[in-house]
């Protein structure tokens, strides 16, 4: 039986309006993000309109409405409002509440088959918490910390935009339900409903990496969250994501996030815990145009 880790919502963790741009944070620019931030409305307010680059707004607390292809629709906590480049992006708060947002760089475009504006029902809390983690992490002045958070933001945001192969969707769900399981290629393939060779080809085609490499990414992203809990010791975090050997865990963590587990925890100090859900590997509806 594996211990269930309860990770807090981001709702109470987002401060008054705060923004970080790609010009001030090269790590964001390197992920194709022009800016991201959080804001808090203290009362009902007039609509806020934007036009230009692709944008995402996440409901964190309270309620609001968004403009979806000419119609105002409710944006609930945890939902993501997405607009493609050139599509009006408008949000209005119905009262006190918080939102997180990110603006993609001009070179990042959405799949033209999607276009317009739409609402996504899953993945919002993970993106919002990662944005908050970056805003806290910038205070450390550690480049590797900023880069790790930027990768988490981009990974979660792109993952939410996926239309995944159903075989891989089944696999990621199985992994997330039991990260500590002994996932070898045979077990991964069985969860996806294919043979090992098929899974290898599918994984490389969709994500450009092997199934085991993708598994390690997911595990390390979840470990990064758990390490922000000061009550969690390194050995227990390692076991919770399938590593009985602490040295092997630390090596994998540094390979994926660019910083050791102890340095990650020390650099962030009192930083708030991030995601309730780790990102699945993303191939994405985002593409770099040009």
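Numbering (the numbering used here), first residue to last: 3 to 292. Even glycine gets a Cβ: it sits at the ideal position worked out from N, Cα and C.
Inter-residue spacing [alpha-carbon to alpha-carbon] between residue i and residue j
i: residue 138; j: residue 197; result: 43 Å
i: residue 248; j: residue 47; result: 51 Å
i: residue 204; j: residue 210; result: 9 Å
i: residue 186; j: residue 77; result: 40 Å
i: residue 99; j: residue 130; result: 14 Å
i: residue 20; j: residue 124; result: 24 Å
i: residue 265; j: residue 219; result: 18 Å
i: residue 233; j: residue 226; result: 14 Å
i: residue 223; j: residue 260; result: 12 Å
i: residue 206; j: residue 61; result: 34 Å
i: residue 163; j: residue 127; result: 15 Å
i: residue 119; j: residue 25; result: 27 Å
i: residue 73; j: residue 64; result: 20 Å
Buried or exposed (CB count within 10 angstroms, at least 16 for buried), residue i
i: residue 132; result: buried
i: residue 22; result: buried
i: residue 150; result: buried
i: residue 200; result: exposed
i: residue 101; result: buried
i: residue 257; result: exposed
i: residue 242; result: buried
i: residue 217; result: buried
Integer-rounded CB distance, given that residue j should sit under 8 Å from residue i
i: residue 188; j: residue 221; result: 18 Å between Cβ atoms; not a contact.
i: residue 246; j: residue 263; result: In fact, because the Cβ distance is near 15 Å, the residues do not count as touching under 8 Å.
i: residue 152; j: residue 95; result: Not confirmed; about 27 Å, so no contact.
According to DSSP, residues forming a beta bridge with residue i
i: residue 243; result: Partner(s): none; residue 243 has no beta bridge.
i: residue 94; result: 67
Does the stretch 54 to 67 come close enough to the stretch 82 to 99 that 3 or more CB-CB pairs lie under 8 Å? yes
Touch test, the stretch 139 to 153 against the stretch 163 to 181, Cβ-Cβ under 8 Å, three pairs minimum: no
Could you tell me whether the stretch 143 to 163 touches the stretch 176 to 186, using the rule of 3 or more Cβ pairs below 8 Å? no
Counting Cβ pairs, one atom from each stretch, are 3 or more of them under 8 Å apart for the stretch 66 to 74 and the stretch 26 to 37? no
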